[in-house]
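Asker: Protein sequences appear in the order of chains B and P.
Residues in the first sequence are numbered from 16 upward in steps of one, following my numbering.
Residues in the second sequence are numbered from 88 upward in steps of one, following my numbering.
Beta carbons are placed, not taken as given, at the ideal position from N, Cα and C, and that holds for glycine.
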Amino acid sequence: MDTREKDIENLKDYKYGFSTDIENIRAPKGLNENVINFISEIKKEPKWMLDFRLKAFERFKKLKEPNWQKPKYPKIDYQDLYYYSAPKSMKDKPKSLDELDPKLLETYKKLGIPLQEQARLNGIAVDAVFDSVSVATTFKEELTKQGIIFCSMSEAIQKHPDLVKKYLGTVIPTTDHFFATLNSAVFTDGSFVYIPKGIRCPMELSTYFRINASETGQFERTLIIADEGSYVSYLEGCTAPMRDENQLHAANVELIALDDAEIKYSTVQNWYPGDENGKGGIYNFVTKRGLCKGRNSKISWTQVETGSAITWKYPSCILKGDNSIGEFYSIAITNNHQKADTGTKMIHLGKNTKSKIISKGISAGFSDMTYRGLVDINSKAKNSSNYTQCDSLLMGNKCGAHTVPYIKNKNFDSNIAHEATTSKISEEQLHYCQQRGLNAEEAVGLIVNGFCKEVLQQLPMEFAVEAQKLVGISLEGSVG
Amino acid sequence: MTEKIQIDFDKINKSLDISDKDKEFKKKCLKKFIEKGFPNRKQENWKFIDINQIIKKNIGDLSFFNDYSLPNEIDTSIFVDGLEHNKIIFINGRIEKIDFNYEDKNKIEINDEIEKKDLIESENSLIYLNNAFTNKTFKISIKENYTLNKPLIIYHTTNQKIKSKSINLRLDFDLEQNSSLKLIDFFADSADKNFINILYNFNLKKDSILKNYKIDKFKNDNLKYSFNNMEQDTNSVSETFILSAGSNYFKNEINCNLKGKYSSAFVNGIFSLKENQQHEIRTTINHLVENTKSYQLIKSVLGKLSKAAYQGKIFVNSKAQKTDGYQLSKAILLDETSEFNAKPELEIYADDVKCSHGSASGSLNENSIFYLMSRGLNYQQSKELLINGFLLDVVEKITDSEIKNLIKNMIGLKE
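#1: Let me see if you follow: with CB-CB separation under 8 Å, is Lys515 of chain P close to chain B or not?
#2: Compare the C-beta of Gln364 of chain P against all C-beta atoms of chain B and say whether one is closer than 8 Å.
#3: Given Trp63 of chain B, which residues of its chain have a CB within under 7 Å of its CB, disregarding the five upstream and five downstream residues?
#4: Which residues in chain P sit within 7 Å of His417 of chain B, going by Cβ to Cβ distance?
#5: In angstroms, rounded to a whole number, what distance separates the CA positions of Asn401 of chain B and Thr203 of chain B?
#6: Are any of the Cβ atoms in chain B nearer than 8 Å to that of Asn476 of chain P?
#7: So, is the C-beta of Asp137 of chain P closer than 8 Å to a C-beta in chain B?
#8: Using beta carbons (cut-off 8 Å, strictly below), is His243 of chain P in contact with chain B?
#9: Under 8 Å between C-beta atoms, does Ala432 of chain B make it to chain P?
#10: Check whether chain P comes within 8 Å of Leu136 of chain B, counting only Cβ atoms and requiring the distance to be less than that.
#11: Taking only beta carbons into account, state which residues of the region 368–382 of chain P come closer than 7 Å to chain B, listed in chain order.
#12: Which residues of chain B have a Cβ atom closer than 7 Å to the Cβ of Gln140 of chain P, listed in chain order?
#13: Would you tell me roughly how many angstroms separate the C-alpha atoms of Gln473 of chain B and Tyr280 of chain B, rounded to the nearest one?
#14: Count the other CB atoms, across all protein chains shown, that sit within 10 Å of the CB of Lys27 of chain B; report buried if there are 16 or more and exposed otherwise.
#15: Which class does Trp83 of chain B belong to by DSSP, given the choice of helix, strand or coil?
#16: Can you list the residues of chain P that Leu334 of chain B reaches, using a CB-CB cut of under 7 Å?
#17: Report the three-state DSSP secondary structure of Tyr436 of chain P (helix, strand or coil).
#18: Any idea if Glu170 of chain B is buried or exposed, counting beta-carbon neighbours within 10 angstroms, 16 or more meaning buried?
#19: Can you list, in chain order, the residues of its chain with a C-beta nearer than 8 Å to that of Cys414 of chain B? Leave out the 5 residues immediately preceding and following it.
#20: Quick check on DSSP: helix, strand or coil for Gly465 of chain B?
#21: Give me the chain B residues within the contact set of Gln408 of chain P, using Cβ-Cβ distance strictly less than 9 Å, ordered along the chain.
#22: Can you list, in chain order, the residues of the region 444–470 of chain P whose Cβ is nearer than 8 Å to any Cβ on chain B?
#23: Where are the alpha helix (DSSP H) runs, 4 residues long or more, that stay fully inside the region 159–246 of chain B, in chain order?
#24: Using a Cβ-Cβ cut-off of 8 Å, state whether Asn211 of chain P counts as contacting chain B.
#25: Compare the C-alpha of Ile297 of chain B against each of B:Asn285, B:Arg304, B:Gly244 and name the closest.
#26: If I measure Cβ to Cβ from Pro330 of chain B and keep anything under 7 Å in the same chain, skipping five residues before and after, which residues do I get?
#27: Taking Cβ-Cβ distances below 7 Å as the criterion, which residues of the region 452–464 of chain B are in contact with chain P?
#28: Which residues of chain P have a Cβ atom closer than 7 Å to the Cβ of Lys425 of chain B, listed in chain order?
#29: Less than 8 Å between the CB atoms is what I'm expecting for Asp261 of chain P and Ser228 of chain P, so what's the real figure, rounded?
#30: Please list the terminal residues of the continuous alpha helix (DSSP H) segment that includes Cys448 of chain B.
#31: Just the chain B side, please: which residues come within less than 9 Å of Ala429 of chain P by C-beta, in chain order?
#32: According to DSSP, Met384 of chain B sits in a beta bridge with which residue or residues?
#33: With a threshold of 8 Å between beta carbons, is Thr359 of chain B in contact with chain P?
#34: Quick one: list the residues of chain B neighbouring Asp503 of chain P, beta-carbon separation under 8 Å, in chain order.
#35: For the alpha helix (DSSP H) that Gln93 of chain P lies in, which residues bound it at each end?
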């Protein structure tokens, strides 16, 4: 058995589909002021944080769940969810990794995320989020030396309240849409990153999200601030156990880039996609938004979306500073009964702003893939430009691929170019590869990887290898 | 508005000499329209340009009552010169004349007693409005194997007698097997501030060919909405050309169902807009069976304070393998206040298809202008030359050379 087949073997039962039997503390079921108070209290939050949550909740009560999206899902009963779940051993936060529950360490080891620093070969600092809390953050000391803050959101609220207060909710305000507002009310943990002036973060920062408990929604909140002239590359990965139920994951991610700063945000999303009959799986309804606040700032989103029953997200850039740049590179793969409605928004407000969108969608089986994107060039955004390319690949005639771009140009100095194609893997290409000794599946893998190359190139090395494998695995069983 | 529309409706209905069944149908449509009201930007299809707001702003109080009892005088000066043609003349929404002088009378059947049915179960309230208020619907059938000798020009005119009115008209066309029709819609208005709502139904049988050219060239302050519904059978071809330039507001909507194998649809359009105009083209091409083809090309030149929108949708059913679909929209923005919006949409459920779209917008290329100026043209001339070349591309797509030349002359494009 070569490695590829092994990978496939592994996947047949979704490698990350196990759950860890660990004692939990949960908030009472349901969504109300008491639960929010409970969350706030257990996290020993200051009053302003609680007020922030309650304000969001006040508004949430008035909001209606949106339903314009392409993938429809059965109504979610928001009162039938646990909004907080944490391993019991986390109640008194361990001081160091040595004190961490061995079961947790074991879980992360199984996932391929070694938390013990000595076990690491390459320097990536990891923040591991397990259900509702961050369990560990590695490489802290080394980062602290440079003045970089990389910790869990809860810790940041305690230790760096000024920064959190100043930036939290400035990109995704409490008055945003339904799921973002829900997150503002009940978010539990997530990562906080602050890169000081002129610092180039020496290593990749990474968060690993894991949903373990059942009937639990995961609502994490990530805030990344890159101060003037700084640079950071941030990775995010996610998995969840196999369950028959659908679980909700509604995260908020806010990025803020000040003058001359650059943030690179990469995601490899591999939540449990449900079984081949479309049972179970994660609803991944995430709000990700970056603000290029300063001049010459840059935000770049790269995503590889292979998991989740339903993916519904649009990582966006608000290009406010003059000369700022927004980029979006995406691969979305849906197989079996998965559904994805994803894309980006590029909102050009400042002069000479540039944006680039490369989106590759692949659908197979009975799945449905939608690219939905907005390019909006404001009348003040003189001399801006956008380039969009979205390609879709279909495998079989039971799946769908859709492209819904919205293009608004209010500025005559600006240029927008948009292209999209939809096709299948041509017989000639397959024939060519097979002639040279590849079997059908390998040939498809090769062609798909070539199709996605432009995006895979954008990923940091460690992720690119994993993503490439994931691309092949996700399409398993879709040919022939 | 509701009360007024009901009063106007009753007034008209009393005077009309139609069957009870038709009256019921009209009542039903009115009810649906009142329920929905004029479309607004909350509806996805009206997101870019909000007709409700535009009517409020430009017309204010819209009246729905039209007196169709008296004939209007036909102003022959508007007739198109240099092209022999058949005529249908609408004045203020009333059919004044149907004239097929160049044709074999046995091959064309004109029928005004057509069965009204719930066509297109639709979210579009303007279609209900149309059906509630059209006073007379004609159905024109072109018999088997007949090709019209001359094109048919439909004149849409208004005269001074009418103001702030909602005008609704509808025509149905049946193109029987292997027949062919060239149809020009020609808009010439003397009245201002009316809302004109046009509904065409085309039924294209096997091997038939329809060519529809819509020419809205003269500046006027009317708001227009036109909906073409096309059903296409095996090997039929439809070609639509839209020149969207004259009216204050104009939305052209095309819904095309490619139901027969090897059928194809072509839509080409030009927006040439000046101050305060807001125009839109929205197309939905439904590829329902194998081996169908569609091609769309829309080009815009947008002046001061003007706004254009193009919403194009290609839908490919899972049965429709070997579909070939293409959309391209390009826009030149001439002023900092002009605006172009596009939503080129693909919805695809079959794998063996070739579908692509492109959209580009920007200003005139300064390098090209510089090139032309360095060869002795002044700035204005260079600009015009570039715009002409840009638009000529679309006009060249017209397959009928006689009509192509007519349109070229009309809009002053030179080769």
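Answerer: According to the structure shown:
#1: Residue 515 of chain P is absent from the model: chain P starts at 88 and stops at 502.
#2: For Gln364 of chain P, the answer is no, since every Cβ of chain B falls outside 8 Å of its Cβ.
#3: Hits under 7 Å: Lys180.
#4: Within chain P, the residues near His417 of chain B are Leu433, Glu434, Ile435.
#5: Going from the Cα of Asn401 of chain B to the Cα of Thr203 of chain B covers about 36 Å.
#6: Position check: residue 476 of chain P holds Gly in this sequence, whereas Asn was assumed. Taking Cβ atoms only, chain B never reaches closer than 8 Å to Gly476 of chain P, which makes this a no.
#7: No, its Cβ sits nowhere closer than 8 Å to a Cβ of chain B.
#8: For His243 of chain P, the nearest beta carbon of chain B is not closer than 8 Å to its own beta carbon.
#9: Interface with chain P (8 Å Cβ-Cβ cutoff): Ala432 of chain B is included.
#10: Residue placement at Leu136 of chain B is flagged as unreliable, the pLDDT there being 41, under the threshold of 50; a coordinate-derived value is accordingly withheld.
#11: Listed in sequence order: no entries.
#12: Under the 7 Å cutoff, chain B gives no residues; its nearest Cβ is about 17 Å from Gln140 of chain P.
#13: So the alpha carbons of these two residues sit roughly 10 Å apart.
#14: Confidence at Lys27 of chain B is low in this model, with a pLDDT of 48, below 50, so its placement is unreliable and the value that follows should be read with caution. So Lys27 of chain B ends up on the exposed side.
#15: Trp83 of chain B: coil per DSSP, three-state reduction.
#16: By Cβ distance, chain P contributes nothing, its closest Cβ being about 17 Å from Leu334 of chain B, past 7 Å.
#17: Three-state DSSP puts Tyr436 of chain P in coil, outside helix and strand.
#18: With 16 or more Cβ atoms within 10 Å of its Cβ, Glu170 of chain B is classed as buried.
#19: Closer than 8 Å at Cβ, skipping near neighbours: Thr349, Ser378, Ala379, Gly380, Phe381, Ser382, Asp383, Met384.
#20: For Gly465 of chain B, the secondary structure class from DSSP, reduced to helix, strand or coil, is helix.
#21: Ordered by position in chain B, the residues that pass the 9 Å Cβ test against Gln408 of chain P are Asn412.
#22: For the region 444–470 of chain P, which is checked against every Cβ of chain B, the residues closer than 8 Å are His444, Gly445, Ser446, Ala447, Ser448, Gly449, Ser450.
#23: Taking only runs of at least 4 residues, the alpha helix (DSSP H) segments lying wholly in the region 159–246 of chain B are 168–174, 176–182, 193–201.
#24: No, Asn211 of chain P lies away from the interface with chain B (no Cβ there is under 8 Å from its Cβ).
#25: Comparing Cα positions, the closest option is B:Asn285.
#26: Around Pro330 of chain B: Lys303, Trp316, Gln318, Phe343, Thr359.
#27: Correct list: empty, as no residue qualifies.
#28: Here the neighbours are Glu426.
#29: Their Cβ separation, rounded to whole angstroms, is 4 Å, which keeps Asp261 of chain P and Ser228 of chain P in contact under 8 Å.
#30: The continuous alpha helix (DSSP H) containing Cys448 of chain B extends over residues 442–450.
#31: The answer, in chain order, is Pro420, Tyr421, Ile422, Lys423, Asn424, Ile431, His433.
#32: Under DSSP, Met384 of chain B takes part in a beta bridge, and its partners are B:Ala355, B:Ala416.
#33: Closer than 8 Å: no.
#34: Residue 503 of chain P lies beyond the range of chain P shown here (88 to 502); nothing can be said about it.
#35: From DSSP, the alpha helix (DSSP H) with Gln93 of chain P extends over 89–102.
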